[in-house]
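Asker:
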Amino acid sequence: MQQKSNFKKTTLAISISLALTLAIGLSACGGGDSQDSNAPIVSTSQLRTTTSLNNLDWKFVQDDNITDDAALSSDTSAWTTVQLPHTWNANDAATTAQTTPDTASYKRGKGWYQVEFDAPGNGATQWLQFDGASIVADVWLNGEKLGEHAGAFTAFRFDITGKLKAGKNVLMVKTDNSQALSDTDLTAIIPLSGDFNMSGGLYRGVSLVSTPSSAHFALDDLGSSGIFAYTSSVEGASATVNVRAKLKNDTKADGNFAVRAALVDAAGQVVRYSDQSVSIKAGQAAEVAQDLSVANAHLWNGLADPYLYKLVVELKDSSGSVVDRVVQDYGIREVKFDPDKGFYLNGKSVPLHGVSMHQDYLGKGWAISNADTDESLSLIKEIGANTIRLPHYPHAQYTLQQTDKMGFVVWAENAYVNQSSLNCAGNTSVTSPTQLTDNAKLQLRELIRQQYNHASIAMWSIGNETTQGCYVDAGPDRAAALLKELQIVAKAEDPSRVTTLAANRDQDKTSGITDIWAQNQYFMWYTNEPAANLGTLLDLWHTNQPKQPQGVSEYGAGAAISHHSDNVSDAMGSVSVFDVSGRTRTQYQPEEYASYVHEQVYPVLASREYIWGTYVWNMFDFGSGIRHEGDIGGTNTKGLVTFDRKTKKDPFFYYKAQWSKDPVAYIVGRRYIDRNYPTAGVKVYSNTDSVTLTLNGTAVKTMTAAQCSNKVCDFGDIKLATGNNVLETAGTLAGKTVKDIITWKLDSDHASNMYIAAGQSATGFISEAAGALGVAKRFGSDNYYTGGVRKTLPWGNAVGQASGPLVNVGTSSVPAAGRVWDAYREEATAGQGFSYNLDLAPNKTYTVKLGFLEVVNTAANQRVFDVTATANGATTTVISSLDVYAQTGAKGAAYVQSFTVTTGADGKLNLGFVGKIGKAMVSNIMIVQQ
Numbered sequence: 001m002q003q004k005s006n007f008k009k010t011t012l013a014i015s016i017s018l019a020l021t022l023a024i025g026l027s028a029c030g031g032g033d034s035q036d037s038n039a040p041i042v043s044t045s046q047l048r049t050t051t052s053l054n055n056l057d058w059k060f061v062q063d064d065n066i067t068d069d070a071a072l073s074s075d076t077s078a079w080t081t082v083q084l085p086h087t088w089n090a091n092d093a094a095t096t097a098q099t100t101p102d103t104a105s106y107k108r109g110k111g112w113y114q115v116e117f118d119a120p121g122n123g124a125t126q127w128l129q130f131d132g133a134s135i136v137a138d139v140w141l142n143g144e145k146l147g148e149h150a151g152a153f154t155a156f157r158f159d160i161t162g163k164l165k166a167g168k169n170v171l172m173v174k175t176d177n178s179q180a181l182s183d184t185d186l187t188a189i190i191p192l193s194g195d196f197n198m199s200g201g202l203y204r205g206v207s208l209v210s211t212p213s214s215a216h217f218a219l220d221d222l223g224s225s226g227i228f229a230y231t232s233s234v235e236g237a238s239a240t241v242n243v244r245a246k247l248k249n250d251t252k253a254d255g256n257f258a259v260r261a262a263l264v265d266a267a268g269q270v271v272r273y274s275d276q277s278v279s280i281k282a283g284q285a286a287e288v289a290q291d292l293s294v295a296n297a298h299l300w301n302g303l304a305d306p307y308l309y310k311l312v313v314e315l316k317d318s319s320g321s322v323v324d325r326v327v328q329d330y331g332i333r334e335v336k337f338d339p340d341k342g343f344y345l346n347g348k349s350v351p352l353h354g355v356s357m358h359q360d361y362l363g364k365g366w367a368i369s370n371a372d373t374d375e376s377l378s379l380i381k382e383i384g385a386n387t388i389r390l391p392h393y394p395h396a397q398y399t400l401q402q403t404d405k406m407g408f409v410v411w412a413e414n415a416y417v418n419q420s421s422l423n424c425a426g427n428t429s430v431t432s433p434t435q436l437t438d439n440a441k442l443q444l445r446e447l448i449r450q451q452y453n454h455a456s457i458a459m460w461s462i463g464n465e466t467t468q469g470c471y472v473d474a475g476p477d478r479a480a481a482l483l484k485e486l487q488i489v490a491k492a493e494d495p496s497r498v499t500t501l502a503a504n505r506d507q508d509k510t511s512g513i514t515d516i517w518a519q520n521q522y523f524m525w526y527t528n529e530p531a532a533n534l535g536t537l538l539d540l541w542h543t544n545q546p547k548q549p550q551g552v553s554e555y556g557a558g559a560a561i562s563h564h565s566d567n568v569s570d571a572m573g574s575v576s577v578f579d580v581s582g583r584t585r586t587q588y589q590p591e592e593y594a595s596y597v598h599e600q601v602y603p604v605l606a607s608r609e610y611i612w613g614t615y616v617w618n619m620f621d622f623g624s625g626i627r628h629e630g631d632i633g634g635t636n637t638k639g640l641v642t643f644d645r646k647t648k649k650d651p652f653f654y655y656k657a658q659w660s661k662d663p664v665a666y667i668v669g670r671r672y673i674d675r676n677y678p679t680a681g682v683k684v685y686s687n688t689d690s691v692t693l694t695l696n697g698t699a700v701k702t703m704t705a706a707q708c709s710n711k712v713c714d715f716g717d718i719k720l721a722t723g724n725n726v727l728e729t730a731g732t733l734a735g736k737t738v739k740d741i742i743t744w745k746l747d748s749d750h751a752s753n754m755y756i757a758a759g760q761s762a763t764g765f766i767s768e769a770a771g772a773l774g775v776a777k778r779f780g781s782d783n784y785y786t787g788g789v790r791k792t793l794p795w796g797n798a799v800g801q802a803s804g805p806l807v808n809v810g811t812s813s814v815p816a817a818g819r820v821w822d823a824y825r826e827e828a829t830a831g832q833g834f835s836y837n838l839d840l841a842p843n844k845t846y847t848v849k850l851g852f853l854e855v856v857n858t859a860a861n862q863r864v865f866d867v868t869a870t871a872n873g874a875t876t877t878v879i880s881s882l883d884v885y886a887q888t889g890a891k892g893a894a895y896v897q898s899f900t901v902t903t904g905a906d907g908k909l910n911l912g913f914v915g916k917i918g919k920a921m922v923s924n925i926m927i928v929q930q
């Protein structure tokens with residue numbers, strides 16, 4: 001089992017008054033070095049033997065009741081045969097079902113794995129390595145318990161030297177992802193909760209590692225490689241790299257050894273090396289630090305040039321034979337965080353703009369392959385992001401290896417999320433449970449030691465939204481206390497990198513704890529405030545904390561690719577951001593509204609030079625058992641790409657136009673095919689010099705880059721023809737032309753008539769023939785209005801309690817039937833009025849049917865209003881002193897009133913709603929040509 005080893009700690013001063021300089025490193029000490037034609041040949045091949053156990057036939061059973069003794073003595077032939085990586089939560093935590101997007105809670109409990117493997121034929125020491133097991137893992141080899149590891153995300157090893165038998169060996173592993181119910185439960189460790197799923201099982205690889213000698217680099221150092229390198233200085237073309245090696249002499253005799261550290265360039269040439277002798281007593285550990293001074297360093301320069309050396313560290317015995325070797329990629333670079341100017345890489349300003357990414361995948365949970373990771377990172381590269389936040393826990397080593405190679409600047413994060421105790425109610429203590437505190441510090445040490453040498457990592461995050469749980473009592477104070485302890489741990493483990501955290505409330509309790517700082521801010525989503533208010537808040541915090549660099553760690557909006565809208569200009573607050581129906585109703589999240597949020601928020605962030613980095617939440621939809629929203633159950637829908645990585649949502653192309661060097665001319669709203677109105681607004685995301693829009697082969701308009709605010713080219717409303725409407729764009733950037741083409745359809749009914757679901761942000765609801773309207777028609781979302789505000793029915797509260805059924809709108813099996821009644825438009829101020837301004841066919845007579853639903857008042861004479869119709873130059877009061885409650889005698893009951901109008905030569909119709917007592921309102925509008 002892993003043993004804690006003592007670090008020789010040195011400090012690196014970090015100036016926060018003007019800038020925080022990150023020069024990856026610790027202290028330097030002795031050794032000869034060389035950089036000439038006589039440099040030795042250094043092999044980059046591995047000496048150790050690593051045997052993957054992933055593809056063996058593992059026997060698996062998920063059983064919460066089986067005891068350890070019973071499992072160890074079980075006949076596992078009846079268990080399921082699986083290969084690693086594996087989780088029992090691959091399919092139970094999310095569903096793409098769109099008619100019934102509900103999903104049961106995903107299974108949390110105990111899973112048992114057994115595998116037989118052959119003992120290796122050579123090697124002086126043997127180690128079992130687990131790359132990740134959730135949440136707590138107990139391990140037995142040939143019936144002997146090796147130990148336990150608590151923490152779902154970091155690697156761990158057991159020394160099994162001398163424990164293997166000739167021939168077959170039996171490995172048994174119990175993994176437990178049970179939801180902790182009290183602070184003393186086994187799984188009551190970070191994270192206690194979160195808006196993401198905790199897949200159970202051996203979801204990363206398991207391998208057997210053998211070393212050729214009993215003297216080797218440390219394998220018992222919290223899952224690390226035993227090698228820790230950092231760039232202590234970069235001055236012009238010169239750089240100094242400090243390499244620290246932890247050694248272990250597991251032989252029975254004292255020994256004299258030499259450690260060689262070398263940097264090998266991409267051509268295989270040694271550019272610098274250093275040798276240092278060390279004596280290690282039998283059974284003891286030692287540590288050696290060496291400096292490598294590189295005269296003409298090729299810097300790791302992010303996406304522009306992610307150059308990597310091979311760092312080769314060898315251990316030689318007294319005869320000069322190499323007995324152990326560690327080979328890792330290594331990038332030389334320097335980063336700086338300035339509180340006024342943002343992020344610098346190698347002395348140059350590089351505004352960080354990027355995304356966050358969870359480690360799960362639809363149909364796989366956490367048990368993803370390297371190919372899955374490659375697919376995800378390829379999409380992030382395509383969008384043009386230059387930084388990735390890896391929340392809310394340590395991600396796989398392979399992910400970091402790839403971000404090193406691709407040049408992304410990475411935010412790496414500890415698993416401290418939401419809360420530090422399950423004992424919230426009435427608990428005024430500011431001390432977190434000892435078990436959780438100790439484990440949180442251990443997981444942070446494991447994260448830093450295991451990922452220390454990755455060039456892409458610029459910062460260690462010690463927590464996310466840590467005042468979310470226990471917020472009503474001592475949560476903020478308890479969180480601050482633990483964060484301060486974690487800050488001490490992080491700086492002791494790696495004083496060279498800055499620390500950060502993601503805060504969402506009680507910023508005054510958490511800002512200043514870490515070196516740099518960031519906020520999760522969801523304006524226009526969870527916060528029903530305009531984006532301009534976000535800028536005001538950020539400026540306030542910059543003023544309050546002038547010496548602490550500030551970033552934005554999360555922002556975004558949910559987007560369901562099958563939910564759409566005709567007009568989102570005032571939809572803030574009317575889009576469902578979280579289920580309050582008790583999982584009984586679809587929660588609509590139009591893709592167009594998510595686009596609108598990003599269009600409004602990102603310019604606010606990009607215009608502030610002091611913000612060191614921004615991260616869209618999230619690059620991909622991801623599993624979250626607490627969610628019931630959008631068109632996929634058990635899933636957080638804020639991704640720019642769908643959970644299965646197959647569909648790039650509209651906001652993806654907004655950011656591609658902002659960030660990518662590739663030309664973009666993308667038509668927004670491509671999945672809203674069956675249109676509900678005879679006119680449609682057209683927006684194009686474009687970074688080209690100009691973009692031309694055509695409709696059915698006829699040019700509509702050409703817009704230059706200067707006319708497209710923030711890469712959004714708004715072509716306004718266009719008139720659709722009955723049938724297919726083919727829209728095409730063409731734009732050119734740097735001599736390269738890009739085109740986009742989509743088809744929208746308009747049927748004859750919606751070409752001639754209007755069906756408006758007033759107040760609704762989502763489009764396409766179908767009324768019910770048996771309901772108050774008496775006809776089954778497809779309604780568009782709220783549109784063509786002036787004044788008033790959208791309102792939605794209070795379907796539930798925080799615990800999902802329904803407000804009561806509607807009385808007479810029906811509950812048909814028709815999809816979304818009745819939803820034309822659960823929103824409405826209302827006056828912003830009583831007597832101020834609002835109207836609908838409609839373009840209809842000229843000189844035609846229409847039947848207008850207006851639907852009203854009283855949802856607030858419980859007596860007559862509390863809401864009384866007039867309805868006027870203006871057509872052909874004349875205004876008529878078509879409904880006088882309407883009191884919906886008086887007409888129905890019940891709250892929640894619908895009332896419908898009809899009248900006819902005839903348009904003039906201009907085809908225009910204005911419907912006005914003005915309150916006399918209280919506020920005027922309307923639930924839906926039908927205008928049908930006679």
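Each residue of the sequence shown is one higher than the one before, counting from 1 in the working numbering. Think of the CB as a built atom: it goes at the ideal place given N, C-alpha and C, for glycine as much as any other residue. Just so we're clear, the structure is a prediction, and the values are computed from it rather than from any experiment.
Go through the stretch 561 to 618 residue by residue and report every complete run of the beta strand (DSSP E) that reaches 3 residues or more, in order.
Answerer: Within the stretch 561 to 618, the complete beta strand (DSSP E) runs of at least 3 residues are 611 to 616.
Asker: What did DSSP end up calling Met406 once you bin it into helix, strand or coil?
Answerer: If DSSP states are grouped into helix, strand and coil, Met406 belongs with the helices.
Asker: CA-CA distance, Ala762 and Gly384?
Answerer: For Ala762 and Gly384, the distance between alpha carbons rounds to 30 angstroms.
Asker: Output the boundary residues of the beta strand (DSSP E) element that contains Gly453.
Answerer: The question names Gly, but residue 453 in the sequence shown is Asn. It is not in any beta strand (DSSP E) - Asn453 carries neither H nor E in the DSSP assignment.
Asker: Give me the residue from Asn301, Pro394, Leu362 and Leu537 with the minimum Cα distance to Lys348.
Answerer: The shortest Cα separation from Lys348 among Asn301, Pro394, Leu362 and Leu537 belongs to Asn301.
Asker: Can you tell me whether Gly912 is buried or exposed? The criterion is at least 16 other CB atoms within 10 Å of its CB, across all chains shown.
Answerer: Its Cβ being crowded by 16 or more others within 10 Å, Gly912 is buried.
Asker: Contact defined as beta carbons within less than 8 angstroms: I believe Thr555 pairs with Val641. What is the distance between those atoms, to the nearest angstrom?
Answerer: The displayed chain sequence assigns Tyr, not Thr, to residue 555. Not quite, the Cβ-Cβ distance comes to about 17 angstroms (not below 8 angstroms), so this is no contact.
Asker: Where does Gly354 land, buried or exposed, given buried means 16+ other C-beta within 10 angstroms?
Answerer: Buried, by the Cβ-count rule.
Asker: Within 10 Å of its beta-carbon, does Val82 have 16 or more other beta-carbons around it, so buried, or fewer, so exposed?
Answerer: Val82 should be labelled buried.
Asker: Within 10 Å of its beta-carbon, does Ala560 have 16 or more other beta-carbons around it, so buried, or fewer, so exposed?
Answerer: That one is buried.
Asker: DSSP on Arg790, reduced to helix/strand/coil?
Answerer: In the structure shown, Arg790 sits in a strand (DSSP, three-state: E or B).
Asker: Is it the case that the stretch 399 to 412 contacts the stretch 448 to 460, given that we only count it when at least three CB pairs across the two stretches are under 8 angstroms?
Answerer: Yes, the stretch 448 to 460 is in contact with the stretch 399 to 412.
Asker: With a threshold of 8 angstroms, are at least 3 pairs of Cβ atoms found where one atom belongs to the stretch 164 to 173 and the other to the stretch 134 to 141?
Answerer: Touching, per the Cβ criterion.
Asker: Assign Ala262 to one of two classes, buried (16 or more other C-beta atoms within 10 Å of its C-beta) or exposed (fewer than that).
Answerer: Per the 10 Å Cβ criterion, buried.
Asker: What span of residues does the beta strand (DSSP E) with Ile516 cover, start to end?
Answerer: That residue, Ile516, is in no beta strand (DSSP E); it is neither H nor E in DSSP.
Asker: Could you please give the first and the last residue of the uninterrupted alpha helix (DSSP H) stretch that includes Gly111?
Answerer: Run containing Gly111: none in the alpha helix (DSSP H); it sits in the beta strand (DSSP E), Lys110 to Asp118.
Asker: One question on the structure: do Asn696 and Ala657 come within less than 8 angstroms of each other, judged by their Cβ atoms?
Answerer: Not closer than 8 angstroms, so no.
Asker: Quick check on DSSP: helix, strand or coil for Asp438?
Answerer: Helix at Asp438.
Asker: Going by CA-CA distance only, name the one from Thr466, Leu47, Pro85 and Phe765 that's closest to Leu56.
Answerer: If we check each option's Cα against that of Leu56, Pro85 comes out closest.
Asker: Please state if the CB of Val350 and the CB of Asn931 are separated by a distance shorter than 8 angstroms.
Answerer: Look at the range of the chain in this structure, 1 to 930, and you will see that residue 931 is not part of it.
Asker: Cutting at 8 angstroms between CB atoms, please list the residues of its own chain near Trp659, excluding the five before and the five after it.
Answerer: Counting only Cβ-Cβ distances below 8 angstroms, and skipping sequence neighbours, we find His353, Ile383, Gly384, Ala385 and Asn386.
Asker: By Cβ distance below 6 angstroms, which residues in the same chain neighbour Val326 in space, the five residues on each side in sequence not counted?
Answerer: For Val326, where only same-chain residues beyond five positions count, the Cβ hits under 6 angstroms are Phe217, Ser225, Ile227 and Val313.
Asker: In the DSSP assignment, find the unbroken beta strand (DSSP E) run with Tyr654 in it and report its ends.
Answerer: Run containing Tyr654: none in the beta strand (DSSP E); it sits in the alpha helix (DSSP H), Asp650 to Trp659.
Asker: How close, in whole Å, do the beta carbons of Ala412 and Pro394 come, if the pair is a contact with beta carbons under 8 angstroms?
Answerer: Ala412 to Pro394, Cβ: 7 angstroms. Contact.
Asker: Within 10 angstroms of the Cβ of Ala531, are there 16 or more other Cβ atoms? Answer buried if so, exposed if not.
Answerer: With 16 or more Cβ atoms within 10 Å of its Cβ, Ala531 is classed as buried.
Asker: By how many angstroms is the C-alpha of Val914 removed from the C-alpha of Gly851?
Answerer: Answer to the nearest angstrom: the Cα atoms are 16 angstroms apart.
Asker: Relative to the C-alpha of Lys484, which candidate in Val498, Gln284 and Gly512 has its C-alpha closest?
Answerer: Cα-wise, what sits closest to Lys484 is Gly512.
Asker: Do three or more CB pairs link the stretch 203 to 223 to the stretch 120 to 134 at distances below 8 angstroms?
Answerer: They touch, by the three-pair rule.
Asker: Keeping to the same chain, check which residues put their C-beta closer than 6 angstroms to that of His298; ignore five residues upstream and five downstream.
Answerer: Tyr307, listed in sequence order.
Asker: Kindly indicate the opening and closing residues of the alpha helix (DSSP H) around Glu382.
Answerer: Element bounds for Glu382: Asn370 to Ile383.
Asker: If contacts are defined as beta-carbon pairs under 8 angstroms, then Lys711 and Ser686 qualify, I think. What distance do you get, rounded to the angstrom?
Answerer: About 6 angstroms; that satisfies the 8 angstroms criterion.
Asker: Which partner residues does Met459 have in the DSSP bridge list?
Answerer: Bridge partners of Met459: Trp411 and Val498.
Asker: Suppose contacts are defined by Cβ-Cβ distances below 8 angstroms. Is Leu164 in contact with Val115 by that definition?
Answerer: No, these two residues do not count as a Cβ contact at 8 angstroms.
Asker: Excluding the 5 residues preceding and the 5 following Asn528 in the sequence, name in chain order all residues of the same chain whose CB lies nearer than 6 angstroms to its CB.
Answerer: Closer than 6 angstroms at the Cβ level, and outside the excluded window around Asn528, lie Met572 and Gly573.
Asker: Could you give the first and the last residue of the continuous beta strand (DSSP E) run that contains His628?
Answerer: It is not in any beta strand (DSSP E) - His628 carries neither H nor E in the DSSP assignment.
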